[in-house]
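Participant: So that we are looking at the same thing, I have put the structure below in structure tokens.
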Amino acid sequence: MKKHSFKFQMQVAGRERKEVAGIIAGHFGTQAAYKGAPGFEYLIAEPTGREWLVDKAGMIITQGAEEDHVAEMFAVFKVLEENCVTVVGQAAVNIPTEGHSGVTLRNLVNILASKERLIAKAMGTPGMVFISREMVEAVNTVRLKTVEDFLEAAGSEALPGLVITKDTIALRCFAATLNPEAIQAYIQFVLAANKMAMAQKHSSPREMEPDNEKYHFRVWLLRLGFIGDEYSVARKLFLDRLSGNTAFKTVEQAEEAVKKRKLRRTESSIGEVAG
Numbered sequence: 048m049k050k051h052s053f054k055f056q057m058q059v060a061g062r063e064r065k066e067v068a069g070i071i072a073g074h075f076g077t078q079a080a081y082k083g084a085p086g087f088e089y090l091i092a093e094p095t096g097r098e099w100l101v102d103k104a105g106m107i108i109t110q111g112a113e114e115d116h117v118a119e120m121f122a123v124f125k126v127l128e129e130n131c132v133t134v135v136g137q138a139a140v141n142i143p144t145e146g147h148s149g150v151t152l153r154n155l156v157n158i159l160a161s162k163e164r165l166i167a168k169a170m171g172t173p174g175m176v177f178i179s180r181e182m183v184e185a186v187n188t189v190r191l192k193t194v195e196d197f198l199e200a201a202g203s204e205a206l207p208g209l210v211i212t213k214d215t216i217a218l219r220c221f222a223a224t225l226n227p228e229a230i231q232a233y234i235q236f237v238l239a240a241n242k243m244a245m246a247q248k249h250s251s252p253r254e255m256e257p258d259n260e261k262y263h264f265r266v267w268l269l270r271l272g273f274i275g276d277e278y279s280v281a282r283k284l285f286l287d288r289l290s291g292n293t294a295f296k297t298v299e300q301a302e303e304a305v306k307k308r309k310l311r312r313t314e315s316s317i318g319e320v321a322g
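The numbering of the sequence shown is the numbering used here, which starts it at 48 and goes up by one.
Okay, here's the thing in structure tokens:
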């Protein structure tokens with residue numbers, strides 16, 4: 048994968064694998080190729096040369112997608128939905144490990160671990176534990192410099208929700224969906240978290256239990272770079288899945304604001320009567 052490319056994958060249901068592959072190929076005006084043993088996957092090539100896979104487990108995998116190509120991706124998902132294809136389980140976003148060091152990979156683990164509960168809830172998989180606490184402890188108790196240092200320290204303590212190899216980083220904590228806005232939000236989240244990890248010098252895995260989930264997560268999203276209209280849909284999607292108030296940090300602040308609004312309305316009404 049190129050530095051700014053990604054793979055998106057999720058398991059489909061409702062139609063046979065061969066049918067799913069045929070639907071995707073039909074969208075592009077190409078033919079699905081069955082590869083046989085050992086992978087038993089169907090390969091679909093776009094006219095541009097980019098490829099899709101439907102593996103033996105019914106997993107759809109984009110190959111070499113980039114942010115500029117998401118519109119075409121979404122068109123495929125729309126066609127699948129129109130043909131009664133459904134999705135199950137968790138979706139995954141894979142990005143290259145290229146550009147990382149041992150320290151920045153530890154940063155990524157810590158960034159995700161420090162918000163694990165809220166991330167899972169915001170991504171539509173509430174209660175999911177996707178990071179191994181043993182791995183978090185292991186990578187934070189040794190000196191890391193290279194990717195190899197990180198992989199040696201992390202060992203085999205990964206969970207299916209976060210898998211890091213010398214080539215790829217796979218985050219699988221997203222509710223599978225064919226909704227393009229949700230998929231776009233998931234991709235934006237992974238790229239933003241990865242960018243923060245590569246920029247930070249230090250990080251902590253300590254997880255807080257905020258009283259106000261929406262406010263806490265909104266502030267964190269802004270730190271990630273979710274600012275402006277480009278991220279408005281993602282912000283709304285994530286925050287709608289959390290409890291609390293986005294505008295006020297505490298219940299007391301929200302109640303005080305309500306009181307002030309009521310007081311202003313009362314004073315305004317009195318002024319109108321007096322006038």
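Cβ coordinates follow ideal geometry from the N, Cα and C atoms, glycine included.
Leaving aside the five residues before and after His74 along the sequence, list all residues of the same chain whose C-beta is less than 8 Å from its C-beta, in chain order.
Facilitator: Ala122, Val123 and Val126
Participant: Quick check: the stretch 171-181 against the stretch 198-213, are at least 3 beta-carbon pairs closer than 8 Å?
Facilitator: Segments in contact, yes.
Participant: Report back the beta-carbon spacing between Lys192 and Gly149 to the nearest angstrom; my notes put them in contact at under 8 Å.
Facilitator: Sure, about 5 Å apart at Cβ, within 8 Å.
Participant: With Ser250 and Ile158 assumed to form a contact (beta carbons below 8 Å), what rounded beta-carbon distance in angstroms separates them?
Facilitator: Contact holds; Cβ gap of about 6 Å.
Participant: Can you tell me whether Ser148 is helix, strand or coil according to DSSP?
Facilitator: coil
Participant: Please tell me whether Tyr233 and Val140 are closer than 8 Å, where the distance is taken between their beta carbons.
Facilitator: yes
Participant: Which runs of the alpha helix (DSSP H) at least 4 residues long sit entirely within the stretch 70-137? Give them in chain order.
Facilitator: 117-129
Participant: I'd like to check one pair, Ala223 with Gly111: are the Cβ atoms closer than 8 Å?
Facilitator: no
Participant: Give the single residue among Glu93, Ile70, Ala244 and Glu114 whose Cα lies nearest to the Cα of Phe55.
Facilitator: It is Glu114 whose Cα lies nearest to the Cα of Phe55.
Participant: Tell me the DSSP secondary structure of Gln231 in three-state form.
Facilitator: Residue state, collapsed to three classes: helix.
Participant: In the stretch 187-256, which residue ranges form an unbroken beta strand (DSSP E) of at least 3 residues, counting only runs that do not cross its ends?
Facilitator: 209-211 and 215-222
Participant: Below 8 Å between beta carbons: does that hold for Ile142 and Phe221?
Facilitator: no
Participant: Which word fits Tyr89, buried or exposed, when buried means at least 16 other C-beta atoms lie within 10 angstroms of its C-beta?
Facilitator: buried
Participant: For Ala60, which of Asp276, Val134 and Pro94 has the nearest alpha-carbon?
Facilitator: Val134
Participant: Which residues bound the beta strand (DSSP E) around Val59?
Facilitator: Ser52 to Ala60
Participant: Who pairs with Ile142 in a beta bridge, going by DSSP?
Facilitator: In DSSP, Ile142 forms a bridge with Ile216.
Participant: May I ask you to report which of helix, strand or coil DSSP gives Val156?
Facilitator: helix
Participant: Please return the same chain residues whose Cβ sits closer than 7 Å to the Cβ of Ala68, not counting the five positions on each side in sequence.
Facilitator: Ala79, Tyr89, Ile91 and Val101
Participant: Could you give the first and the last residue of the continuous alpha helix (DSSP H) run that contains Ile166?
Facilitator: Glu163 to Ala169
Participant: Would you say Arg288 and Ala160 are within 8 Å of each other, going by their C-beta atoms?
Facilitator: no
Participant: Taking 8 Å as the cut-off, decide whether the C-beta atoms of Leu271 and Ala240 are in contact.
Facilitator: yes
Participant: How many angstroms separate the CA atom of Ile166 from the CA atom of Thr77?
Facilitator: 38 Å
Participant: When the Cα atoms are used, what is the spatial distance from Ala201 to Glu129?
Facilitator: 43 Å
Participant: Quick one: what does DSSP say Thr293 is sitting in, helix, strand or coil?
Facilitator: Three-state DSSP puts Thr293 in coil, outside helix and strand.
Participant: Have a look at Lys65 and Glu163 and give me their C-alpha separation to the nearest angstrom.
Facilitator: 37 Å
Participant: By the three-class DSSP mapping on this structure, what secondary structure does Ser279 have?
Facilitator: helix
Participant: Is Met182 helix, strand or coil when you go by DSSP?
Facilitator: Per DSSP, reduced to three states, the secondary structure at Met182 is helical.
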